[in-house]
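Input: a single structure, listed below in structure tokens.
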Amino acid sequence: MRVGLACVQLAKNLGLTVLGTAGSSAGMSIVKVNRCDFVFNHKSDNYTQQIMDATKGEGPDLIIEMLANVNLDKDLNMIKKKGRIVIVGNRGTIEINPRLTMAKECIVTGIVLMNSTPDDWKEMNASIQTGMQNGWVKPHIGQEYRLNQSALAHKDVINNLGAQGKNVIKL
Numbered sequence: 010m011r012v013g014l015a016c017v018q019l020a021k022n023l024g025l026t027v028l029g030t031a032g033s034s035a036g037m038s039i040v041k042v043n044r045c046d047f048v049f050n051h052k053s054d055n056y057t058q059q060i061m062d063a064t065k066g067e068g069p070d071l072i073i074e075m076l077a078n079v080n081l082d083k084d085l086n087m088i089k090k091k092g093r094i095v096i097v098g099n100r101g102t103i104e105i106n107p108r109l110t111m112a113k114e115c116i117v118t119g120i121v122l123m124n125s126t127p128d129d130w131k132e133m134n135a136s137i138q139t140g141m142q143n144g145w146v147k148p149h150i151g152q153e154y155r156l157n158q159s160a161l162a163h164k165d166v167i168n169n170l171g172a173q174g175k176n177v178i179k180l
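Okay, here's the thing in structure tokens:
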């Protein structure tokens with residue numbers, strides 16, 4: 010399951026209002042199917058204003074950031090006062106104005122699964138198992154390949170093709 014869709018499903022299970030973004034019509038449809046309350050095209054010039062409008066000018070309480078080197082400055086301008094930005098993905102550097110964190114009194118933090126403790130893993134597993142049993146964890150399967158198409162599957166992953174969900178090799 011992609012990180013963003015997992016976050017949507019977890020948040021919806023907690024009863025939260027969820028805003029999501031995608032960069033294509035197909036991606037936006039997948040986000041909508043996963044019960045996002047509001048979906049925005051992050052390739053649109055005014056998507057940050059649309060998010061601000063959807064939050065009545067306050068901004069999101071929490072932003073799970075998948076591409077911090079592109080979006081962190083936008084996030085800092087949008088985040089609600091005393092909000093939190095959690096960075097889970099990054100592909101480079103970015104220059105930001107630290108005053109934005111001061112003005113919003115927000116928290117910017119990063120997270121990586123490799124730092125999780127054994128107890129963290131047990132808790133995550135229990136939550137996912139509960140979600141699967143109760144039907145609110147729904148992995149999105151993208152492309153399916155036969156075993157003899159393994160080379161093509163690898164090529165598609167490397168070239169980021171067919172990434173609308175998890176790619177699966179059927180045995």
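Residue numbers (the working numbering): 10 to 180.
Heads up, the beta-carbon is just placed ideally off N, CA and C, and yes, glycines get one too.
Q.
Measuring only the C-alpha atoms, how far is residue 171 from residue 99?
A. Any reading at residue 171 needs caution, since the residue's pLDDT is 44, under 50, leaving its predicted position unreliable; the model's value is listed next. Cα to Cα, residue 171 sits roughly 21 Å from residue 99.
Q: Would you mind reading off the limits of the beta strand (DSSP E) that contains residue 28?
A: 28 to 31
Q | DSSP state of residue 120 mapped onto helix, strand, coil | A | coil
Q | heavy atom of the ligand ZN below 7 Å from residue 174 C-beta | A | In the structure on display, the ligand ZN does not appear, and there are no ligands present to speak of.
Q) Would you call the stretch 85 to 92 and the stretch 67 to 74 touching, i.e. three or more CB-CB distances under 8 Å? A) yes
Q) Do residue 37 and residue 27 come within 8 Å of each other at the CB atom, strictly closer than that value? A) no
Q) What is the DSSP secondary structure of residue 164, counted as helix, strand or coil? A) helix
Q | Whole-angstrom C-beta distance between residue 96 and residue 77, which should lie under 8 Å | A | 5 Å
Q: Determine the contact status of residue 85 and residue 74, defining contact as a CB-CB distance below 8 Å.
A: no
Q) Is it right to say residue 43 is buried, meaning 16 or more other beta carbons lie within 10 angstroms of its own, or is it exposed? A) buried
Q: Give the secondary structure of residue 179 by DSSP, where H, G and I count as helix, E and B as strand, and everything else as coil.
A: strand
Q | Backbone CA spacing between residue 152 and residue 176 [nearest angstrom] | A | 5 Å
Q | Given residue 4 as reference, the closest of 94, 157, 22, 159 once Cα atoms are compared | A | Because the chain is modelled from 10 through 180, residue 4 falls outside the range shown and cannot be assessed.
Q.
If you measure between the beta carbons of residue 83 and residue 110, is that distance less than 8 Å?
A. no
Q. How about residue 163 and residue 39: are their beta carbons less than 8 Å apart?
A. no
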